[in-house]
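Residues in the sequence shown are numbered from 1 upward in steps of one, following UniProt numbering.
Each residue gets a CB set at the ideal place from its N, CA and C atoms; glycine is no exception.
Quick caveat, the model's predicted, so the values are computed rather than measured.
What follows is one structure encoded as C-alpha cells, with my remarks underneath.
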Amino acid sequence: MSRTIAIIQQRLGNTRLKNKALLPLCGIPMTQHIVDRCKRAKLVNEVVVACPFKDAIVLGEALDATIVAPDVPENDLIARYYTVAKGMGADVAIRISGDNPCIEPEEIDALCGFIGGGLGGLVTNAEYIDPQMPQLGFDGLGGERYALGMLKWMNQTIKEPFYREHPHKFWYDINRYAYVGKPYPNGFRLDINNQADYEKIRDIYEHCYPQNHEFGIKEILEYLNAKKEAAQA
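Given below as C-alpha cells:
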C-alpha cells in the first residue's frame, strides 16, 4: 500500500517578515494552523514539519507537530524533501509551503489521489500561473506532488542552486507541469510573504476561525465578497 506524507517546509530565517513561521493567527502560531489543516486531509498518512537543523529546537517547542531536521544545507529544498521522504519510508511526498496558512485539505487529497506522475513533470495545485496575466493567477491553496523516484532523480540531476531552493521553478521553466486544482478567482492569493499579506490573513482568521475552526476556501470567499460589497455600498 502506498504511503503518502505531507511535508511542510519551514524555517525561521525569513528576511521579508521576521519570524513569519510563528506569527500568531487567533493566538496560534501560523505553522500550527498549517499542520492542523494538513491533518484534516483524509489521504495523508503522516504530516511533518521539515526545517533546517538550527531551527528544530525553537519550532519543536512552539508546535504540536512532528519536526524533522535533516542535515542538509538550509536552502537545498530538494535534498531536504528527498532525505525526509526516503527516511520516513514515503512513496509520495506532498510539498506544502510554510507560508500557506489557508491551505485546503481537499486540494491535498486531490494530489494524494492523483494517478500518474513519475518523471513526466510537476503535478501541482499550489499555484496557478495565468499565461495572460502571470502577475495574477492564484496561490496558497494546495501543494505539489512528488513521487519518491522523482525526488531521487531531482536530487541527483538538478545542480543549479536556484532550482534546488525553488524546485517547482525547474518544472515551470521547462514547461513540464500541470495544474490539477479547482479554479479560483484570478488574483486570489492566500500566501504570506510580507506584513500586508499577514494583515490580510489575520483579518480572515479573526472572522472565520472563531465561528468554525475547520473553515475552508468557501467561507473565505464568502467573507471577502461580503467585505467587497459592503465597501461598495
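Where the alpha helix (DSSP H) containing residue i begins and where it ends
{"i": "Y198", "result": "Q195 to C208"}
{"i": "E61", "result": "A56 to A62"}
{"i": "I217", "result": "I217 to Q232"}
{"i": "Y82", "result": "L77 to G87"}
{"i": "R164", "result": "P161 to E165"}
Under 7 Å between C-beta atoms of residue i and residue j
{"i": "G149", "j": "G181", "result": "no"}
{"i": "E127", "j": "D109", "result": "no"}
{"i": "G121", "j": "I129", "result": "no"}
{"i": "L25", "j": "Y205", "result": "yes"}
{"i": "L12", "j": "Y82", "result": "no"}
{"i": "H48", "j": "I7", "result": "Residue identity differs from the one stated: residue 48 is Val in this sequence, not His. Result yes, Cβ atoms of V48 and I7 sit closer than 7 Å."}
{"i": "residue 297", "j": "T4", "result": "Not covered by the structure: residue 297. The range shown for the chain is 1 to 233."}
{"i": "Y177", "j": "F170", "result": "no"}
{"i": "A65", "j": "V35", "result": "yes"}
{"i": "E144", "j": "H166", "result": "no"}
{"i": "H213", "j": "P101", "result": "no"}
{"i": "C208", "j": "E219", "result": "yes"}
Identity of the residues DSSP links to residue i by a beta bridge
{"i": "R105", "result": "Note on identity: in this sequence residue 105 is Pro, with Arg being the wrong assignment. In the DSSP output, where bridge partners are listed per residue, P105 has none listed."}
{"i": "Q9", "result": "A50"}
{"i": "F138", "result": "Y128"}
{"i": "F177", "result": "Residue 177 is actually Tyr in this sequence, not Phe. Bridge partners of Y177: L122."}
{"i": "P29", "result": "P24"}
{"i": "T4", "result": "V92"}
{"i": "R189", "result": "D139"}
Residue nearest to residue i in terms of C-alpha spacing, selected from the options
{"i": "E107", "options": "K169, Y81, K42 and I78", "result": "K42"}
{"i": "D76", "options": "Q10, T31, E46 and P101", "result": "Q10"}
{"i": "A50", "options": "M154, L23, G98 and T15", "result": "G98"}
{"i": "T15", "options": "I94, N193 and I78", "result": "N193"}
{"i": "A21", "options": "A6, M1 and G60", "result": "G60"}
{"i": "E104", "options": "R3, G216 and A230", "result": "G216"}
{"i": "V44", "options": "A79, Q32, V35 and C112", "result": "C112"}
{"i": "E46", "options": "I94, E74 and A69", "result": "I94"}
{"i": "P210", "options": "V72, I28, W153 and L23", "result": "I28"}
{"i": "L23", "options": "L63, N175 and R37", "result": "L63"}
{"i": "E74", "options": "G87, A90, A56 and L224", "result": "A56"}
{"i": "K18", "options": "E229, A233 and Y198", "result": "Y198"}
{"i": "N175", "options": "R37, A233, K159 and V123", "result": "V123"}
{"i": "Y146", "options": "F53, M30, N125 and K227", "result": "N125"}
{"i": "N225", "options": "F188, Q195 and R202", "result": "F188"}
{"i": "K54", "options": "R202, V72 and L190", "result": "V72"}
{"i": "W153", "options": "K86, N186 and S2", "result": "K86"}
{"i": "K200", "options": "K227, S2, A233 and I158", "result": "K227"}
{"i": "D173", "options": "D191, P183 and E160", "result": "E160"}
Range covered by the beta strand (DSSP E) that runs through residue i
{"i": "E144", "result": "E144 to A147"}
{"i": "I96", "result": "V92 to I96"}
{"i": "I67", "result": "T66 to V68"}
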